[in-house]
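3 is the number of the first residue of the sequence shown in the numbering used here; add one for each residue after it. Don't be surprised by glycine CBs; every beta carbon is placed ideally from N, CA and C. Have a look at the structure below, then the notes.
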Amino acid sequence: MGSHLTGKNFEFERIKMFLNLFKNLKQRVIWKFDRHLPNKSDNVLIRKWLPQNDILAHPQIKLFITHAGYGSILETIYHGVPCLMIPVFMDQFNNAYRSVQLGFALKLSYNDPNFSEALLMKLVQELLNNQRYFENAKKRQELFHDRPMRPMETAIYWIEYVIRHKGADHLKLGGAKLPWYRFYFLDVILFLAVFVFVFLYILYCITFFTKTASKQKQN
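What follows is the structure, given as C-alpha coordinates:
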(Lines of atoms letter the chains of each structure in order from A; the text may use other names.)
(Lines give C-alpha, C1' and ligand atoms only; values in the text may rest on other atoms or scores of the structure.)
Protein backbone atom coordinates (compact mmCIF):
# COMPACT_ATOMS: atom_id res chain seq x y z
CA MET A 3 0.00 0.00 0.00
CA GLY A 4 2.92 2.34 -0.54
CA SER A 5 5.13 4.21 1.90
CA HIS A 6 2.30 6.28 3.41
CA LEU A 7 0.28 3.38 4.82
CA THR A 8 2.69 1.04 6.60
CA GLY A 9 2.01 -1.98 8.74
CA LYS A 10 2.17 0.13 11.91
CA ASN A 11 -0.91 2.17 10.99
CA PHE A 12 -2.70 -0.53 8.98
CA GLU A 13 -5.90 -1.31 10.89
CA PHE A 14 -6.03 -4.85 12.29
CA GLU A 15 -9.54 -5.40 10.88
CA ARG A 16 -8.25 -4.49 7.42
CA ILE A 17 -5.34 -6.91 7.81
CA LYS A 18 -7.75 -9.73 8.67
CA MET A 19 -9.87 -8.89 5.63
CA PHE A 20 -6.89 -9.13 3.30
CA LEU A 21 -5.63 -12.35 4.90
CA ASN A 22 -9.04 -13.98 4.50
CA LEU A 23 -9.27 -12.68 0.95
CA PHE A 24 -5.91 -14.13 -0.02
CA LYS A 25 -6.63 -17.43 1.73
CA ASN A 26 -9.70 -17.93 -0.47
CA LEU A 27 -7.85 -17.28 -3.72
CA LYS A 28 -6.41 -20.09 -5.80
CA GLN A 29 -3.63 -17.80 -6.99
CA ARG A 30 -0.39 -17.24 -5.12
CA VAL A 31 -0.06 -13.80 -3.54
CA ILE A 32 3.05 -11.65 -3.06
CA TRP A 33 2.44 -8.97 -0.42
CA LYS A 34 4.76 -6.09 0.43
CA PHE A 35 4.09 -5.61 4.14
CA ASP A 36 6.38 -4.63 7.01
CA ARG A 37 4.78 -6.72 9.76
CA HIS A 38 5.10 -10.39 10.58
CA LEU A 39 1.79 -12.21 10.14
CA PRO A 40 2.11 -15.75 11.51
CA ASN A 41 -1.48 -16.72 10.63
CA LYS A 42 -1.13 -16.13 6.89
CA SER A 43 -2.09 -18.89 4.47
CA ASP A 44 0.49 -20.93 2.56
CA ASN A 45 -0.24 -19.21 -0.75
CA VAL A 46 0.90 -15.82 0.61
CA LEU A 47 4.50 -14.60 0.52
CA ILE A 48 5.17 -11.50 2.65
CA ARG A 49 8.29 -9.35 2.39
CA LYS A 50 9.19 -5.92 3.78
CA TRP A 51 10.52 -4.90 0.38
CA LEU A 52 9.88 -6.23 -3.11
CA PRO A 53 11.10 -5.23 -6.60
CA GLN A 54 7.66 -4.08 -7.71
CA ASN A 55 8.59 -3.26 -11.29
CA ASP A 56 10.26 -6.64 -11.82
CA ILE A 57 7.28 -8.48 -10.36
CA LEU A 58 4.82 -6.61 -12.57
CA ALA A 59 6.96 -7.59 -15.57
CA HIS A 60 6.39 -11.31 -14.89
CA PRO A 61 4.05 -12.82 -17.52
CA GLN A 62 2.05 -14.76 -14.90
CA ILE A 63 0.97 -11.69 -12.92
CA LYS A 64 -2.84 -11.54 -12.99
CA LEU A 65 -3.66 -8.62 -10.71
CA PHE A 66 -2.01 -5.75 -8.86
CA ILE A 67 -3.52 -4.31 -5.66
CA THR A 68 -2.11 -0.82 -5.15
CA HIS A 69 -2.69 2.49 -3.35
CA ALA A 70 -2.74 4.23 -6.78
CA GLY A 71 0.44 6.24 -6.41
CA TYR A 72 1.68 7.87 -9.60
CA GLY A 73 4.75 5.65 -9.88
CA SER A 74 2.69 2.51 -9.45
CA ILE A 75 0.24 3.70 -12.11
CA LEU A 76 3.06 4.17 -14.62
CA GLU A 77 4.52 0.72 -13.90
CA THR A 78 1.07 -0.84 -14.14
CA ILE A 79 0.39 0.70 -17.55
CA TYR A 80 3.91 -0.09 -18.75
CA HIS A 81 3.41 -3.80 -18.03
CA GLY A 82 -0.32 -3.99 -18.83
CA VAL A 83 -1.61 -5.40 -15.54
CA PRO A 84 -5.22 -5.01 -14.29
CA CYS A 85 -5.50 -3.31 -10.89
CA LEU A 86 -7.56 -3.03 -7.76
CA MET A 87 -6.82 0.46 -6.50
CA ILE A 88 -7.23 1.35 -2.84
CA PRO A 89 -6.46 5.08 -2.59
CA VAL A 90 -5.67 6.60 0.79
CA PHE A 91 -5.28 10.34 0.22
CA MET A 92 -4.30 13.24 -2.07
CA ASP A 93 -3.70 12.50 -5.77
CA GLN A 94 -4.32 8.77 -5.32
CA PHE A 95 -8.09 9.24 -5.57
CA ASN A 96 -7.80 11.06 -8.89
CA ASN A 97 -5.30 8.46 -10.18
CA ALA A 98 -7.67 5.65 -9.24
CA TYR A 99 -10.68 7.41 -10.79
CA ARG A 100 -8.81 7.98 -14.04
CA SER A 101 -7.66 4.33 -14.16
CA VAL A 102 -11.22 3.12 -13.69
CA GLN A 103 -12.30 5.39 -16.55
CA LEU A 104 -9.63 3.85 -18.76
CA GLY A 105 -11.10 0.43 -18.04
CA PHE A 106 -8.17 -1.50 -16.55
CA ALA A 107 -8.95 -1.02 -12.86
CA LEU A 108 -11.55 -0.99 -10.12
CA LYS A 109 -11.26 1.12 -6.97
CA LEU A 110 -12.22 0.94 -3.33
CA SER A 111 -11.19 3.73 -0.99
CA TYR A 112 -9.37 2.58 2.14
CA ASN A 113 -11.72 4.72 4.25
CA ASP A 114 -14.88 3.72 2.41
CA PRO A 115 -17.59 2.88 5.01
CA ASN A 116 -18.60 -0.07 2.81
CA PHE A 117 -15.09 -1.54 2.88
CA SER A 118 -15.51 -5.24 3.65
CA GLU A 119 -14.05 -8.66 2.95
CA ALA A 120 -17.04 -9.55 0.78
CA LEU A 121 -16.67 -6.40 -1.32
CA LEU A 122 -12.94 -7.00 -1.69
CA MET A 123 -13.57 -10.53 -2.92
CA LYS A 124 -16.25 -9.31 -5.34
CA LEU A 125 -13.91 -6.73 -6.89
CA VAL A 126 -10.96 -9.12 -7.07
CA GLN A 127 -13.03 -11.86 -8.71
CA GLU A 128 -14.43 -9.35 -11.21
CA LEU A 129 -10.91 -8.29 -12.18
CA LEU A 130 -9.62 -11.86 -12.39
CA ASN A 131 -12.54 -13.35 -14.31
CA ASN A 132 -13.62 -10.53 -16.62
CA GLN A 133 -11.35 -10.50 -19.65
CA ARG A 134 -12.29 -6.89 -20.37
CA TYR A 135 -9.91 -5.52 -17.72
CA PHE A 136 -6.99 -7.55 -19.05
CA GLU A 137 -7.69 -6.41 -22.61
CA ASN A 138 -7.95 -2.76 -21.57
CA ALA A 139 -4.71 -3.04 -19.61
CA LYS A 140 -2.93 -4.46 -22.65
CA LYS A 141 -4.44 -1.73 -24.84
CA ARG A 142 -3.05 0.95 -22.49
CA GLN A 143 0.30 -0.83 -22.53
CA GLU A 144 0.30 -0.82 -26.33
CA LEU A 145 -0.51 2.90 -26.47
CA PHE A 146 2.16 3.68 -23.88
CA HIS A 147 4.87 1.85 -25.83
CA ASP A 148 3.83 3.14 -29.26
CA ARG A 149 6.12 6.16 -29.54
CA PRO A 150 8.78 7.25 -32.06
CA MET A 151 11.64 6.79 -29.63
CA ARG A 152 12.20 4.85 -26.44
CA PRO A 153 12.45 6.94 -23.23
CA MET A 154 16.23 6.44 -23.04
CA GLU A 155 16.65 7.52 -26.66
CA THR A 156 14.46 10.58 -26.00
CA ALA A 157 16.55 11.54 -22.97
CA ILE A 158 19.80 11.14 -24.93
CA TYR A 159 18.43 13.21 -27.83
CA TRP A 160 17.45 16.16 -25.63
CA ILE A 161 20.69 16.08 -23.64
CA GLU A 162 22.66 16.24 -26.87
CA TYR A 163 20.27 18.91 -28.22
CA VAL A 164 20.96 21.18 -25.24
CA ILE A 165 24.71 20.61 -25.63
CA ARG A 166 24.61 21.36 -29.37
CA HIS A 167 22.74 24.61 -28.81
CA LYS A 168 24.83 25.71 -25.82
CA GLY A 169 22.12 25.57 -23.21
CA ALA A 170 19.14 25.97 -25.57
CA ASP A 171 18.17 29.38 -24.20
CA HIS A 172 15.32 29.57 -26.71
CA LEU A 173 13.56 26.76 -24.84
CA LYS A 174 13.87 28.31 -21.40
CA LEU A 175 10.81 29.89 -19.86
CA GLY A 176 10.85 33.65 -19.57
CA GLY A 177 9.78 33.32 -15.96
CA ALA A 178 13.20 31.98 -15.08
CA LYS A 179 14.67 35.45 -15.70
CA LEU A 180 12.09 37.42 -13.74
CA PRO A 181 13.33 39.48 -10.77
CA TRP A 182 12.32 38.01 -7.43
CA TYR A 183 9.66 40.65 -6.68
CA ARG A 184 7.91 39.91 -10.00
CA PHE A 185 8.31 36.15 -9.58
CA TYR A 186 6.35 36.36 -6.30
CA PHE A 187 3.86 38.90 -7.75
CA LEU A 188 4.89 41.49 -5.18
CA ASP A 189 4.50 44.27 -7.74
CA VAL A 190 0.94 43.16 -8.45
CA ILE A 191 0.17 42.81 -4.75
CA LEU A 192 1.60 46.29 -4.08
CA PHE A 193 -0.49 47.79 -6.90
CA LEU A 194 -3.66 46.17 -5.60
CA ALA A 195 -2.88 47.26 -2.05
CA VAL A 196 -2.34 50.87 -3.17
CA PHE A 197 -5.51 50.75 -5.27
CA VAL A 198 -7.58 49.46 -2.35
CA PHE A 199 -6.03 52.03 0.00
CA VAL A 200 -6.75 54.92 -2.40
CA PHE A 201 -10.30 53.67 -3.00
CA LEU A 202 -11.01 53.39 0.73
CA TYR A 203 -9.42 56.78 1.37
CA ILE A 204 -11.58 58.44 -1.30
CA LEU A 205 -14.64 56.70 0.10
CA TYR A 206 -13.72 57.91 3.58
CA CYS A 207 -13.26 61.49 2.35
CA ILE A 208 -16.60 61.48 0.53
CA THR A 209 -18.36 60.13 3.61
CA PHE A 210 -16.59 62.62 5.90
CA PHE A 211 -17.38 65.67 3.77
CA THR A 212 -20.98 64.51 3.25
CA LYS A 213 -21.51 64.26 7.00
CA THR A 214 -19.79 67.63 7.57
CA ALA A 215 -21.94 69.34 4.97
CA SER A 216 -25.07 67.78 6.46
CA LYS A 217 -24.21 69.07 9.96
CA GLN A 218 -23.52 72.57 8.64
CA LYS A 219 -26.94 72.68 6.96
CA GLN A 220 -28.62 71.58 10.18
CA ASN A 221 -26.84 74.32 12.13
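Bounding residues of the alpha helix (DSSP H) (the contiguous stretch that carries Ala120): By one-based count along the sequence shown, residue 120 stands at place 118. Residues Glu119 to Asn131.
message: On a Cα-Cα basis, can you pick out the residue from Arg149, Leu108 and Ile208 that is closest to Leu130?
response: For the purposes of this step, residue 130 is taken as the residue at position 128 of the sequence shown. Here the closest residue by C-alpha is Leu108.
- request: Could you tell me which of Phe199, Leu194, Lys179 and Phe66 sits nearest to Gln54, measuring between CA atoms?
  value: Position 52 of the sequence shown holds residue 54. Check the Cα spacing between Gln54 and each of Phe199, Leu194, Lys179 and Phe66: the tightest is with Phe66.
task: Name the two residues that bound the continuous beta strand (DSSP E) containing Arg49.
output: Numbered from its first residue, the sequence shown carries residue 49 at position 47. Segment Val46 to Arg49, the beta strand (DSSP E) holding Arg49.
message: If I measure Cβ to Cβ from Asp44 and keep anything under 6 Å in the same chain, skipping five residues before and after, which residues do I get?
response: As a position in the sequence shown, residue 44 is number 42, starting the count at 1. Within the same chain, Asp44 has no close Cβ partners at all.
message: Determine whether the beta carbon atoms of Gly105 and Tyr72 lie at a separation below 8 Å.
response: Residue numbering aside, residue 105 sits at position 103 when the sequence shown is read from its first letter. Residue numbering aside, residue 72 sits at position 70 when the sequence shown is read from its first letter. Taking 8 Å as the Cβ cut-off, Gly105 and Tyr72 do not qualify as a contacting pair.
- request: Buried or exposed for Leu194, please, with buried defined as at least 16 other CB atoms from any protein chain shown within 10 angstroms of its CB.
  value: Within the sequence shown, the letter at position 192 stands for residue 194. Around the C-beta of Leu194, fewer than 16 other C-beta atoms lie within 10 Å, and the residue is accordingly described as exposed.
query: If we count the other Cβ atoms within 10 Å of its Cβ and call it buried at 16 or more, is Ile75 buried or exposed?
result: Here residue 75 corresponds to residue number 73 of the sequence shown, with the count starting at 1. Per the 10 Å Cβ criterion, buried.
- prompt: So, Leu21 versus Ile32, is the Cβ gap smaller than 8 Å?
  reply: Numbered from 1 along the sequence shown, position 19 holds the residue referred to as residue 21. Numbered from 1 along the sequence shown, position 30 holds the residue referred to as residue 32. No; because the gap between Cβ atoms is not below 8 Å, this pair is not in contact.
field: Backbone CA spacing between Ile161 and Thr78 [nearest angstrom]
entry: In the sequence shown, the residue the question calls residue 161 occupies position 159. In the sequence shown, the residue the question calls residue 78 occupies position 76. Going by the C-alpha atoms only, they are around 28 Å apart.
Those residues which DSSP pairs with Phe66 across a bridge: Within the sequence shown, the letter at position 64 stands for residue 66. BP columns for Phe66 point to Cys85.
message: For a test of the three-state rule: what should DSSP assign to Leu188, helix, strand or coil?
response: For this step, residue 188 is matched to residue 186 along the sequence shown. Helix.
- prompt: DSSP three-state call for Lys140: helix, strand or coil?
  reply: Translated into positions along the sequence shown, residue 140 becomes position 138. In the structure shown, Lys140 sits in a helix (DSSP, three-state: H, G or I).
- prompt: Under a Cβ-count criterion, where at least 16 other Cβ atoms within 10 Å of its own Cβ denotes burial, should Asn97 be classed as buried or exposed?
  reply: For the purposes of this step, residue 97 is identified with residue 95 of the sequence shown, where counting begins at 1. Buried is the label assigned to Asn97, since at least 16 other Cβ atoms lie within 10 Å of its Cβ.
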